[in-house]
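Enquirer:
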Amino acid sequence: MIHNEEFINEFVEEAETHLQMVENGLLAMDEGSRDKENINNVFRSIHSIKGTAGFFGLEKIVELAHIMENILGELRNDKITPTAEMVDLLLNGNDSLKEMVDDVFNSGQYDVDDLISSMTNILKGTNVSDVSLKDEIITSAKTQEPVTKVSKAQLEQVEQAKKHGHYLYKVKIGINRDIGAKEISPVLFFKKIQSVGEIIDSYTDISDIESIDSVMDSDVYFSFVFTTVLEKNLLPIALDIESDSIEELDFGEALNKEIKSNEKLENSKPVNISEMTGDKEDVFVINTEDAIVDDHETDVFLDNNETNEVSELALKKSSAATVVEDSVRVHVSLLNDLLNLASEMVLGRNQLLRNIEEYRKSIVGLDAILQNIDRVTTELQEKIMQTRMQPVGNVFNKMPRVIRDLSKKLGKEVDLNIEGSHVELDKSIIESLSDPLTHLIRNAVDHGLETPDQRKKANKSTVGQVDLKAYHESGYVHIDIIDDGAGIDSEKIKKKAIDKGLINEADLKNMNEQEVLQMLMMPGFSTAEQITDVSGRGVGMDVVKTNIEKLGGTIEIKTMLGEGTTFRMILPLTLAIIPSLIVEVSQFKFALPQVNLQEMVRLKKGDQSKKIEYVHNAQVLRLRGKLLPIVDLGQVLGLVNLKEKEINEGFDGITRILVLKVGSKRFGLVVDSIYDEEEILVKPLPKYFKNCQCYSGVTIMGDGKTAMILDPEGIVNKASLRFMDEQVKASEAEADDQLNELKELQNMLIFKCSGDETFGIDLSLVSRVEEITQNNIDQIGNKEYIQYRGDALRVIRPENYLPVSKKDHSPEKLYVIIPKLVKNPIGIIIEKIHDTMMTSIHLNQEDIKGRGLLGSTILNNKIVLLVNIYELFEMVSPEEYENESLKNRSGEKTILLAEDTPFFARLTKNYLEWAGYKVLLTENGEQALEVLKEKPVDLVLSDIQMPVMDGLDLVRSIRKNAKLAKLPVIALTSMTSDKDKQLGMQAGFDYYEFKLDKASILYTLKNALSKEVK
């Protein structure tokens, strides 16, 4: 028999989930919601807690849940209307249930009499006759002896059941006999009961229970009366209990008797069934409640002719529920052990690959085996990590109550908007997030939002707005706490800092806006005019920063005076394993988290577009016309004497600079060598490294040696790096120029094949680049294949299909580009990788033409041919792509494409025409609106970022136009974060697509147009 603690722990977990649902539902009622489904959900959750608690004889929990259930029953029957006082009382009751569930073994010692009395008074005040019991008798069908008394509400329920051919049963089960011996928990058994019938009432005989530990020692009996469509011979099979535990009841003639409406609640007394039936083991109390159904059921009675069919369905459903489980409970310690083992396996994988590298080419088949080990290890680690991921909603769901309580205490009206509750983080991060998030929410309400009078004077709504958002960006999870309050006065911060002696005026003059705001995170700092018990003591913001940094995250502050403030927490998905870049300085290797890495720059002699200059005696990198502050890692770490070395070039004449981003700041980090990327297992810093701000942890690399994990933010602080004013205080004109430039930027992979031409492919279309040798290529017929991740992958040489030169000889070492966003990937064999660069493409479509080419551009004084991989693959497998083209055609439809970048416009137009669409091309939203006025269009495809009028303003204009309001509009963009997508959908887009994903775009187009036809 399973030990009782497992049952009890399962009840606690289940109850905690229900109680959170109850709180959310009650808060919705407090905001004026009269949604019947919401009240039903709250009612069911409370009933589930009461019913399962009855199994364990948790009398206080049952009593409190019962009276709350009575009130909710009256609410859902529209007998009473929810008031603020009533919701307050129910919330207090829910809080007491939480306390008792958290301390379940001592729950019987809690005093809830005052709460129950107050709730009883609410029911008394309703003057509703239903809450009293009436001497209506349900009798045993077998003996015709009375079984119990019922209330009017229950009589109505039973009468409805009788009309629709239901049966009425009394069932008595033993905890040991029917539950423990069959290794099923009370929680699951209670759900099984609800899946086959509607419970009228239930009771547990706790006369023999001295403590909760004795629940499993003696066979405690749980009795319930319920209606069901199942006949008596089917019920034992459905519930998996003995047939002698079931007694069929007679509805009785008393159902037709008139009920007096003036009976009071105090006349309601428990009915001792043993006195009526002679059964001394079982005591049963009828309560004032309606039928209870499972969360996924509906309160519907069936006609007689449907009963047999439903009986079979219910029996099948119940039987299936006992066999098929879609989830299993696993102890957290087991998940932690699995995670640790997976981490060690990743480390072992790295060591294996490093040590056996020299044998890969000499042992036939070894390369494929190692690739498979690499793939399986990565997938295993990812799956195990997923088991620890939890939605941030687990923390966010607590905030409405915090907001409600604070707003009442401070006399402010606050509206809380929560977005992104589904975003997931590692369990350890979720557990540590509650306190800092609560503190920031309290600060937003207390410090950020003005009082209703102040807001009215400022021409704002008297209701303050707090937004809590979570979204993915750049491999991190961003959590924004936004208020529309008064904002933060930076001058006030400066004055406070000087008054407290935290900084001198000379240093203050050199600080930018962001650095001034970061002073709010200093210990003891506060701008509050008065100290309250809510916030303003100057303790907490520094703790928030410390806690977030312990999680490997950062916190940013943005504010605008009079308009509001945003606190942004940037958190890693997990703390255990992170992708990193291995670099070397002075023969020491270090691991740099890739999440901070934007790009890598190699400087060669004579390269005028990228060179190191001096500004105020500080070295900066001129990169694409912008100045980037740089620092030498060796100098910061004290590995190289400043007098002995200047940032110049490495031993091979090349200077290697890593462009990093920390918050809103970008800088260059100079290193001697760059090795491979590697997934590393993060270990905490030893105590004697705690004060070294340049390191965030330590790891063991594939060769078995240890390496320090670099902390980019710590490096910035250690180097006292000053950021140029143009970087942190760009004027609006400069910001507009940068935005327009970014619209044209593309990340390109530059490479060569066997001929003399240089080619380019957008990196968004590249999944991986694999290094291979000639021996890795297998010839089958006239086609070439390689082994890739355990499967055969066809590879092609572009020069065999494109109108370019080619040479017969081929070097031993080759590369294969593995594409993505294509239905049937084919590897592209190339001979040399020149560079990857983020650059502005000025597409020339006239001088150099040919199938498989989008056109040409000039990069670093060389002509680069831009490959259209969709056309290239169509040339390789024309029959397959012709069939796909026919499949995607949906008649002669006209598509309006708004795209300002010639490269993307040409690429998109090509595959739309390939799919049979007529395409009208415009460069911005304003041009698109002009076309819509003049020509009929079936659908609009629009980029987001465009000059003159962007995609968001375009779709808003379309939705405001009565004639165009229902026109399908699809966003076609490279801005794919959750936040960007949400903004797009709110603006009015029907769908949101990544602009290079041909297959997905064509599918969405066809789907949108077919809906429009309907």
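The sequence shown runs 1 to 1014 under full-length UniProt numbering.
Each residue gets a CB set at the ideal place from its N, CA and C atoms; glycine is no exception.
Fair warning: this is a prediction, and the values are worked out from it, not measured in the lab.
1. Compute the Euclidean distance between the alpha carbons of R797 and K820, then round it to the nearest angstrom.
2. Check this for me: beta carbons of I482 and T546, under 7 angstroms apart or not?
3. Beta-carbon separation of E413 and V463 under 7 angstroms?
4. Determine the direct distance from the alpha carbon of D467 to that of D978, and round the result to whole angstroms.
5. Pick out the complete beta strand (DSSP E) segments inside the UniProt domain "Response regulatory" (894 to 1010), 3 residues or longer, and give them in chain order.
6. For H18 and D980, I'd like the C-alpha separation in whole angstroms.
7. For L710, is the beta carbon positioned less than 6 angstroms from some heavy atom of the ligand ATP?
8. Please classify T655: does DSSP put it in a helix, a strand, or coil?
9. Output the boundary residues of the beta strand (DSSP E) element that contains N417.
10. Given K683, which residues of its chain have a CB within under 7 angstroms of its CB, disregarding the five upstream and five downstream residues?
11. Per DSSP, which one or two residues make a beta bridge with K172?
12. State the Cα-Cα distance for the pair D290 and K409, rounded to the nearest angstrom.
13. When the distance is taken between beta carbons, is L517 closer than 7 angstroms to I582?
14. What residue does the alpha helix (DSSP H) around I429 start on, and which one ends it?
15. Whole angstroms is fine: what's the gap from D294's alpha carbon to A84's?
16. Any idea if G411 is buried or exposed, counting beta-carbon neighbours within 10 angstroms, 16 or more meaning buried?
17. From which residue to which residue does the alpha helix (DSSP H) around D453 run?
18. Nearest to L440 by alpha carbon, out of V543, P391, L366?
19. Which residues mark the beginning and the end of the alpha helix (DSSP H) in which A486 is found?
20. Looking at the structure shown, is I848 part of a helix, part of a strand, or coil, going by DSSP?
21. Is it true that the CB of L571 sits closer than 7 angstroms to the CB of L592?
22. Does H834 come out as helix, strand or coil in the three-state DSSP assignment?
23. Tell me whether E934 is buried or exposed, calling it buried when 16 or more other Cβ atoms sit within 10 Å of its Cβ.
24. Would DSSP call F567 helix, strand or coil?
25. Could you spell out the range, first to last residue, of the beta strand (DSSP E) harbouring S96?
26. How many angstroms separate the CA atom of N233 from the CA atom of L72?
27. In chain order, what residues of the same chain have a beta carbon less than 6 angstroms from the beta carbon of D455, not counting five sequence neighbours either side?
28. Does Y688 come out as helix, strand or coil in the three-state DSSP assignment?
29. I need the straight-line Cα distance from E344 to K170, nearest angstrom please.
30. For the alpha helix (DSSP H) that P629 lies in, which residues bound it at each end?
31. Going by the DSSP bridge assignment, what does S673 pair with across the sheet?
32. Could you name the residues of the same chain whose beta carbon sits closer than 6 angstroms to that of S805, not counting the 5 residues immediately before and after it, in chain order?
33. Would you say A470 and I479 are within 7 angstroms of each other, going by their C-beta atoms?
34. Hey, how far is the Cα of M708 from the Cα of Y695?
35. If you pair each beta-carbon of the stretch 937 to 957 with each one of the stretch 913 to 924, do three or more pairs fall below 8 angstroms?
36. Just to confirm before moving on: does the CB-CB distance between K427 and Q390 stay below 7 angstroms?
Expert: This is what the structure holds:
1. Here residue 797 refers to the residue found at position 797 when the sequence shown is read from its first residue. Here residue 820 refers to the residue found at position 820 when the sequence shown is read from its first residue. Inter-residue distance for R797 and K820 is about 17 angstroms (C-alpha atoms, whole angstroms).
2. Position 482 of the sequence shown, counted from the first residue, corresponds to residue 482. Position 546 of the sequence shown, counted from the first residue, corresponds to residue 546. No, the Cβ-Cβ distance between I482 and T546 is not below 7 angstroms.
3. Here residue 413 is taken as the residue at index 413 of the sequence shown, counted from 1. Here residue 463 is taken as the residue at index 463 of the sequence shown, counted from 1. Yes, they are a contact pair.
4. The sequence position of residue 978 within the sequence shown is 978, counting from 1. The sequence position of residue 467 within the sequence shown is 467, counting from 1. Straight-line Cα distance between these residues: approximately 15 angstroms.
5. 894 to 898, 918 to 922, 939 to 942, 969 to 973, 991 to 994
6. The residue given as residue 18 occupies position 18 in the sequence shown. The residue given as residue 980 occupies position 980 in the sequence shown. In this model, H18 and D980 are separated by some 34 angstroms (Cα to Cα).
7. Inclusion of the ligand ATP in the displayed structure is not the case, the ligand content being empty and no account of it being possible.
8. Taking the sequence shown and counting its residues from 1, one reaches residue 655 at position 655. Three-state DSSP puts T655 in a strand.
9. Here the question's residue 417 lines up with position 417 in the sequence shown. Run containing N417: 413 to 419, per the beta strand (DSSP E) assignment.
10. Taking the first residue of the sequence shown as 1, we reach residue 683 at position 683. G697, V698, T699, listed in sequence order.
11. The count along the sequence shown starts at 1 and reaches residue 172 at position 172. K172 pairs with S223.
12. Along the sequence shown, read from residue 1 onward, the residue named residue 290 stands at position 290. Along the sequence shown, read from residue 1 onward, the residue named residue 409 stands at position 409. With a pLDDT of 36 at D290, under the threshold of 50, the modelled position of that residue is not reliable, and no figure is offered here.
13. In the sequence shown, counting from the first residue as 1, residue 582 sits at position 582. In the sequence shown, counting from the first residue as 1, residue 517 sits at position 517. Contact: no.
14. As a working mapping, residue 429 is identified with position 429 in the sequence shown. For I429, the uninterrupted alpha helix (DSSP H) run begins and ends at 427 to 443, by DSSP.
15. Position 294 of the sequence shown, counted from the start, is the residue given in the question as residue 294. Position 84 of the sequence shown, counted from the start, is the residue given in the question as residue 84. Because D294 sits at a pLDDT of 39, beneath the cut-off of 50, its placement in the model cannot be relied upon, and the following sentence gives the value as read from the coordinates. Cα to Cα, D294 sits roughly 29 angstroms from A84.
16. Reading the sequence shown from its first residue, position 411 is the one you call residue 411. Counting Cβ neighbours within 10 Å, G411 comes out exposed, since fewer than 16 surround it.
17. The residue given as residue 453 occupies position 453 in the sequence shown. Under the DSSP assignment, D453 falls in the alpha helix (DSSP H) whose first and last residues are 452 to 457.
18. Locating residue 440 in the sequence shown gives position 440, counting from the first residue. Minimum Cα distance to L440 is reached at V543.
19. Translated into positions along the sequence shown, residue 486 becomes position 486. Unbroken run through A486: none, as it is neither H nor E.
20. Stepping through the sequence shown from its first residue, residue 848 is reached at position 848. Three-state result, I848: coil.
21. Locating residue 592 in the sequence shown gives position 592, where the first residue counts as 1. Locating residue 571 in the sequence shown gives position 571, where the first residue counts as 1. Taking 7 angstroms as the Cβ cut-off, L592 and L571 do not qualify as a contacting pair.
22. As a first step, residue 834 is located in the sequence shown; it is residue number 834 there, counting from the start. Note: H834 maps to strand in three-state DSSP.
23. Residue numbering aside, residue 934 sits at position 934 when the sequence shown is read from its first letter. Exposed, because fewer than 16 other Cβ atoms sit within 10 Å of the Cβ of E934.
24. The sequence position of residue 567 within the sequence shown is 567, counting from 1. If DSSP states are grouped into helix, strand and coil, F567 belongs with the strands.
25. The residue labelled residue 96 in the question sits at position 96 within the sequence shown. Looking at the DSSP string, S96 is not in any beta strand (DSSP E); the run it does join, the alpha helix (DSSP H), is 84 to 102.
26. Indexing the sequence shown from 1 puts residue 233 at position 233. Indexing the sequence shown from 1 puts residue 72 at position 72. If you take the alpha carbons of N233 and L72, they lie about 35 angstroms apart.
27. Position 455 of the sequence shown holds residue 455. Just to set this straight, residue 455 is Arg in the shown sequence, not Asp. Hits under 6 angstroms: T462.
28. Taking the sequence shown and counting its residues from 1, the one referred to as residue 688 is at position 688. Looking at Y688 - three-state DSSP - the assignment turns out to be helix.
29. As a position in the sequence shown, residue 344 is number 344, starting the count at 1. As a position in the sequence shown, residue 170 is number 170, starting the count at 1. Between E344 and K170, the C-alpha separation is close to 56 angstroms.
30. For the purposes of this step, residue 629 is taken as the residue at position 629 of the sequence shown. Looking at the DSSP string, P629 is not in any alpha helix (DSSP H); the run it does join, the beta strand (DSSP E), is 626 to 632.
31. Translated into positions along the sequence shown, residue 673 becomes position 673. Paired residue(s): E584.
32. For the purposes of this step, residue 805 is taken as residue 805 along the sequence shown, with counting starting at 1. Counting only Cβ-Cβ distances below 6 angstroms, and skipping sequence neighbours, we find G755, D756.
33. In the sequence shown, counting from the first residue as 1, residue 470 sits at position 470. In the sequence shown, counting from the first residue as 1, residue 479 sits at position 479. Contact: yes.
34. As a first step, residue 708 must be located in the sequence shown, where it is residue number 708. As a first step, residue 695 must be located in the sequence shown, where it is residue number 695. Each residue's Cα considered, the two are about 6 angstroms apart.
35. yes
36. Position 427 of the sequence shown, counted from the first residue, corresponds to residue 427. Position 390 of the sequence shown, counted from the first residue, corresponds to residue 390. Contact flag set, yes.
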